[in-house]
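Student: First residue of the sequence shown? That's 31 in this note's numbering, and the numbers climb one at a time after it.
Just so it is clear, CB atoms sit at the ideal spot from N, CA and C, and this is done for glycine as well.
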Amino acid sequence: MAVPCTTAAWLRRALWTVVLTLTGGITRHGQLPRGGCVVVANHSSHADTAALLAALDARHAPLIGAAADYWFATPWRRRVCRRLAAGFPVRRTGGGLDDLLGTAGALRAGRAVVLFPEGTRGRDGAVGDFRRGALLLAERAGVPVVPVGLAGTDRLLPKHGRLRRTHIRVHIGAPLYGPVAPATARDAVQSLTDRAAAPKLPDSRLRRRTAAVIASRWGLPLAFAWAFAEALSWPLMPELFLAAACVAAPRTGPRLSLAALAGSLAGGLLALQLAASGVHLPAPLTTDRMRAEVTRQLAAEGAAAVRHQPWDGIPFKVYAAEAGRARLPAPDWLLASAEARGSRTLTVGLAFAGLGALARPWRRRYPLYLALLGGGFGVGLGVIVAGWS
């Protein structure tokens with residue numbers, strides 16, 4: 031029988047995947063069987079529902095059993111539960127089994143019904159005793175029980191605690207067919223929970239060392255110095271540094287971007303003053319045609335001409351030196367270059383920090399990322415220099 035695939039289920043999965051990616055990431059092992067099934071999972075946090083909606087196949091259009099006396103106690107909670115979690119009410123005192131059996135038709139149609147047989151959130155990490163309702167539902171509907179173990183949700187959103195950044199792991203086990211005893215289902219979930227909690231994400235030594243340096247007291251001075259030197263003579267732009275550093279240590283992205291911007295502005299101001307004094311600093315990987323174009327732009331637009339720099343491929347140091355030779359006022363230059371460099375540097379830094387957060391499960395590939403980054407930068411730089419030759 032075809033499994034219903036609703037737009038809402040895909041949208042919920044996309045929503046919670048993005049949210050959990052931003053709060054530390056999520057990895058999934060295993061998948062649901064074809065056709066309807068009853069998913070039973072450990073329960074230690076309100077974040078369990080988000081983790082399951084992000085990890086389970088949307089083609090099963092999961093339905094989440096939610097405590098009627100909590101999630102359906104007010105109109106606001108009821109709307110949130112139904113729209114964001116596809117929740118349906120389950121009474122915890124009298125009538126709960128009837129609520130569950132009401133979903134048997136959805137199970138036979140191929141949907142997944144997600145239940146927390148413990149009935150409430152635990153606090154010590156151990157899986158509590160299971161109630162029989164979920165298992166009776168699977169038996170009556172003629173579908174398997176699928177055990178799932180969750181790890182990390184209790185740290186992400188502790189019971190009566192605040193949201194903390196944590197990686198979530200979801201382990202989906204093999205389906206259990208036939209009448210399933212509560213102890214059997216509980217033991218399967220406990221085993222999967224222990225397995226999910228045990229491993230750490232694979233990582234590379236190079237990324238760890240890079241992140242340690244970037245997050246140390248040397249990170250901000252290094253970003254400042256790189257951008258400062260590039261504004262004077264150094265041939266490698268600060269965005270290359272940010273691309274490597276922010277992916278390795280995403281949390282430092284905003285600070286590194288601001289430090290790089292400050293270094294770029296300080297170096298550009300010094301380059302302007304030196305050029306105005308007749309000092310000619312080395313400018314590797316630049317061409318006479320670049321300098322001629324910048325001279326033309328500055329003559330036509332003044333300091334505002336630096337707005338072209340993020341897009342035309344001409345290094346910032348060329349603009350700074352030619353602005354000094356054109357005797358542009360330092361305040362005008364600083365204001366215009368802050369706007370032009372700020373838009374580019376901050377955008378690039380935050381974008382790569384976001385990439386680093388999204389790529390958390392693949393941190394072991396960081397050396398490959400650096401190789402691709404360096405190769406791509408080298409090719410791009412060669413194309414730009416050749417184009418301006």
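Mapping the DSSP letters down to three states, classify H90 as helix, strand or coil.
Tutor: H90 carries a helical assignment under DSSP once its states are collapsed to helix, strand and coil.
Student: Indicate the three-state DSSP secondary structure (helix, strand or coil) for A32 in the structure shown.
Tutor: In this predicted model, A32 has a pLDDT of only 39, less than 50, meaning its place in the structure is not dependable; the value taken from the coordinates is given anyway. If DSSP states are grouped into helix, strand and coil, A32 belongs with coil.
Student: Thinking just about the alpha-carbon of each residue, which of A278, K347, A356, A164 is nearest to the one in L385?
Tutor: For the residues A278, K347, A356, A164, the minimum Cα distance to L385 belongs to A278.
Student: Does the Cβ of W264 have 16 or more other Cβ atoms within 10 Å, making it buried, or fewer, making it exposed?
Tutor: buried
Student: What residue does the alpha helix (DSSP H) around F258 start on, and which one ends it?
Tutor: 249-262
Student: Look at the alpha carbon of C67 and the alpha carbon of G55, and state the distance between them as a whole number of angstroms.
Tutor: 26 angstroms
Student: If you compare alpha carbons, which of Y399, L380, R238, G65 is closest to R138?
Tutor: G65
Student: What residues in its chain sit with their C-beta under 8 angstroms from that of R170, if we drop five residues either side in the sequence?
Tutor: In the same chain as R170, and ignoring 5 residues on each side of it, the C-beta atoms closer than 8 angstroms to its own belong to L131, A134, in chain order.
Student: Leaving out five residues on either side along the sequence, give the residues of the same chain with a beta carbon under 7 angstroms from the beta carbon of A32.
Tutor: Reliability of the predicted coordinates at A32 is poor, the pLDDT of 39 falling under 50, and the value obtained from them is presented with this limitation in mind. Excluding positions up to five away in sequence, the list reads G140.
Student: Which residues does DSSP list as the beta-bridge partners of F96?
Tutor: Reading off the sequence shown, one finds Ala at residue 96, where the question assumed Phe. DSSP lists P119 as partners of A96.
Student: By Cβ distance below 7 angstroms, which residues in the same chain neighbour P34 in space, the five residues on each side in sequence not counted?
Tutor: Bear in mind that a pLDDT of 45 at P34, under 50, signals an unreliable position, so the number given afterwards is only what the model happens to contain. Taken in chain order, the residues that qualify are A91, A139, G140, R141.
Student: Mind checking whether L187 and H76 have CB atoms under 8 angstroms apart?
Tutor: yes
Student: Among L41, G182, A383, G95, which one has its Cα closest to the Cα of R195?
Tutor: G182
Student: Work out the CA separation of R326 and M267 for me, nearest whole Å.
Tutor: 23 angstroms
Student: What first and last residue would you give for the alpha helix (DSSP H) that runs through A142?
Tutor: Unbroken run through A142 is the beta strand (DSSP E), 142-145; no alpha helix (DSSP H).
Student: Answer yes or no: do A71 and F160 have a C-beta to C-beta separation smaller than 8 angstroms?
Tutor: no
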